[in-house]
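What follows is a set of notes on a single structure, which appears directly below.
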Amino acid sequence: MPYKSQIPRTEKQILKIIQEHFPGEKIKKVSEIEKSFVNPVYDFELANDESYILKINNPEWPTKQTREKKAMSIAEKNTTIHLSQVIADHMMNDKYPFSYLILEKLPGKDLRDLVEQNLITKKEFISIVRKIGFHLGELHSINFDYFGDFCVKQENNSKKSSDYFWGKQFTNWNDCFKAFCYDMLNWVDRTSFPNYRKLLEWKINELSEKIEEPNENGCFVHSDIQPTNILIKNGRITGIIDFEWSYAGSPSFDFHLTKAGFHFSTFPSLDESKIIAHLDINQEEIHKELLAGYQTSYKMQLADLSDELIDFVWLLYMIGSWKWTVNSMISEGITAYEKSIHELFSRIIA
Numbered sequence: 004m005p006y007k008s009q010i011p012r013t014e015k016q017i018l019k020i021i022q023e024h025f026p027g028e029k030i031k032k033v034s035e036i037e038k039s040f041v042n043p044v045y046d047f048e049l050a051n052d053e054s055y056i057l058k059i060n061n062p063e064w065p066t067k068q069t070r071e072k073k074a075m076s077i078a079e080k081n082t083t084i085h086l087s088q089v090i091a092d093h094m095m096n097d098k099y100p101f102s103y104l105i106l107e108k109l110p111g112k113d114l115r116d117l118v119e120q121n122l123i124t125k126k127e128f129i130s131i132v133r134k135i136g137f138h139l140g141e142l143h144s145i146n147f148d149y150f151g152d153f154c155v156k157q158e159n160n161s162k163k164s165s166d167y168f169w170g171k172q173f174t175n176w177n178d179c180f181k182a183f184c185y186d187m188l189n190w191v192d193r194t195s196f197p198n199y200r201k202l203l204e205w206k207i208n209e210l211s212e213k214i215e216e217p218n219e220n221g222c223f224v225h226s227d228i229q230p231t232n233i234l235i236k237n238g239r240i241t242g243i244i245d246f247e248w249s250y251a252g253s254p255s256f257d258f259h260l261t262k263a264g265f266h267f268s269t270f271p272s273l274d275e276s277k278i279i280a281h282l283d284i285n286q287e288e289i290h291k292e293l294l295a296g297y298q299t300s301y302k303m304q305l306a307d308l309s310d311e312l313i314d315f316v317w318l319l320y321m322i323g324s325w326k327w328t329v330n331s332m333i334s335e336g337i338t339a340y341e342k343s344i345h346e347l348f349s350r351i352i353a
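So in my numbering, the last one in the sequence shown is 353, and the numbering has no gaps at all.
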């Protein structure tokens, strides 16, 4: 199981990496960002007060680091989003048993922390959500003539990759959506909830066939725009981070997933977002502001997707990461999480 704590690394290695890229500079502090879900990530500051991020790539997805770097390059050329500059891009070799990126640290705190620490007003939050919608529309305005992984050079639907989704390209959204769903169901856990898996696979096929093919080109999809990946300082967006899951996808699907990311407290929870309670704001208000900002930068009509579709994808995430997620939970949390999965499954697979 590719849980980030199992990636071999030592404190000595981390310090050595930093010293290699910043020779002669004194290191003021190094700390691991504990809430990083997939990769070990370190925040470090030099004596000259410059700060950086060291992001060790999870070896379960060896191309993820390359994809993040390419995605940021595409976004930088085509949007007004503030992005981290890549300082170093190291691939695994005999010297270090892992790949890593060193990135410029963008200023600010993530949006969820600001809300939970009461450091942002409702008015500021609404303005930020509208700006997030604008940036999402900018990304969706970047077109591709295919769907799927934009880090491969040609269409590749089956033979050259053992993955369901990554490393492949598709000529239509239905096939891409089907592969995306299979990838989520088997993300880091292919065995938990065995009695559910056959029915879920049947549901993936049913939904893939039922989806009316939208009149949409493939577009740049971040796929993880949610409050923890939005950085804010002085009431303004200072950056969007974590482009490692970007791909060429459907703008309508990604817009609806972004809405879900603001509704739920954090992946892979079903609890209503704490943002709603802290700011006395409802989901309809968030959706209205997100869409208003979005329509200023993306002019095409979005398809109206059912809530069932988004709930189903969320369920796949939850089951596909079960063994990984429960590592950091106490027994009461695991029980509640399992109950949420059962309830959502029962609602979808009637």
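Yeah, the Cβ is synthetic: ideal placement off N, Cα and C, and Gly gets one too.
- Around the Cβ of residue 229, a 10 Å sphere holds 16 or more other Cβ atoms; the residue is buried.
- For residue 54, the pairing in a beta bridge is given by DSSP as 48.
- Excluding residues up to 5 positions away in sequence, 211, 212, 214, 216 lie with their Cβ nearer than 8 Å to the Cβ of residue 177 in the same chain.
- Annotation: residue 32 is outside any alpha helix (DSSP H); the continuous beta strand (DSSP E) that includes it extends over 30-35.
- Three or more beta-carbon pairs drawn from the stretch 130-148 and the stretch 247-262 are found closer than 8 Å, and the two stretches are therefore classed as touching.
- For residue 10, there is no enclosing alpha helix (DSSP H), as DSSP marks it with neither H nor E.
- Short of 6 Å from the beta carbon of residue 173, and not among the five residues preceding or following it, lie these beta carbons of its own chain, in chain order: 150, 151, 179.
- If you look at residue 89, you'll find it in the beta strand (DSSP E) that goes 89-93.
- A Cβ-Cβ separation of about 31 Å leaves residue 125 out of contact with residue 318 under the 8 Å criterion.
- With a 10 Å radius around the Cβ and a threshold of 16 neighbouring Cβ atoms, residue 68 comes out buried.
- Under the DSSP assignment, residue 243 falls in the beta strand (DSSP E) whose first and last residues are 239-243.
- Here residue 59 is not near residue 25, since their CB atoms are 7 Å or more apart.
- The alpha carbon of residue 86 has as its nearest neighbour, out of 51, 240, 295, 188, the alpha carbon of 240.
- Here residue 277 is actually not in contact with residue 127; their C-beta atoms are around 17 Å apart, not less than 8 Å.
- Counting C-beta pairs closer than 8 Å gives fewer than three between the stretch 309-318 and the stretch 238-253, which falls short of the contact rule.
- For residue 104, the pairing in a beta bridge is given by DSSP as 58, 92.
- The beta-carbon separation of residue 233 and residue 243, rounded to 6 Å, stays under the 8 Å limit for a contact.
- When the five nearest sequence neighbours on each side are left out, the beta carbons in the same chain lying within less than 7 Å of the beta carbon of residue 145 are those of 77, 81, 222, 223, in order along the chain.
- Put simply, the stretch 286-306 does not touch the stretch 106-113. Fewer than three CB pairs are less than 8 Å apart.
- Judged by their CB atoms, residue 192 and residue 31 are not nearer to each other than the 7 Å cut-off.
- Cβ contact annotation for residue 323 (same chain, cutoff 7 Å, sequence separation greater than five): 187, 188, 189, 190, 191, 192, in chain order.
- The residue from 13, 305, 40 with its alpha-carbon nearest to that of residue 33 is 13.
- Close CB contacts of residue 50 within its chain, under the 8 Å cut and outside five residues either way in sequence, are with 28, 29, 30, 31 (chain order).
- The C-beta separation of residue 10 from residue 61 comes to about 7 Å, placing the pair in contact by the 8 Å criterion.
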